[in-house]
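Reviewing the structure listed below.
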Amino acid sequence: MKIIDRTALTLLIIGGIHLLLIGLFGFNIVETLLGEVDQWGVRIVYILIGLSALWCFKYYSFTPRGGSRLKDR
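Just so you know, the sequence shown maps onto residues 55 to 127 in my numbering.
So this is what it looks like as structure tokens:
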């Protein structure tokens with residue numbers, strides 16, 4: 055499961071950078087590399103990033119109830 059966790063987190067970070075580029079510059083790198091939204095390559099990338107975001111919801115359980123783990127350091 056560790057490889058799936060790392061892959062999901064990596065795709066989520068890439069998706070976040072992708073949205074940052076769209077928001078700041080209006081530049082959609084996925085469509086530039088793979089074509090228009092109607093093509094399957096672009097849709098697959100978007101689906102994988104969305105599934106990665108859903109997979110990473112489980113990381114909420116790793117946050118202690120009292121706040122940050124580094125609070126007492």
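Even glycine gets a Cβ: it sits at the ideal position worked out from N, Cα and C. A quick note: this is a predicted structure, and the numbers were derived from the prediction, not measured.
Measuring CA to CA, which of the options is closest to residue i?
i: residue 87; options: 99, 109, 104 and 111; result: 99
i: residue 108; options: 57, 56 and 65; result: 65
If you draw a straight line from the alpha carbon of residue i to that of residue j, how long is it in whole angstroms?
i: residue 89; j: residue 96; result: 7 Å
i: residue 105; j: residue 58; result: 11 Å
i: residue 62; j: residue 110; result: 7 Å
i: residue 72; j: residue 78; result: 10 Å
Can the beta-carbon of residue i be found closer than 8 Å to that of residue j?
i: residue 67; j: residue 75; result: no
i: residue 80; j: residue 103; result: no
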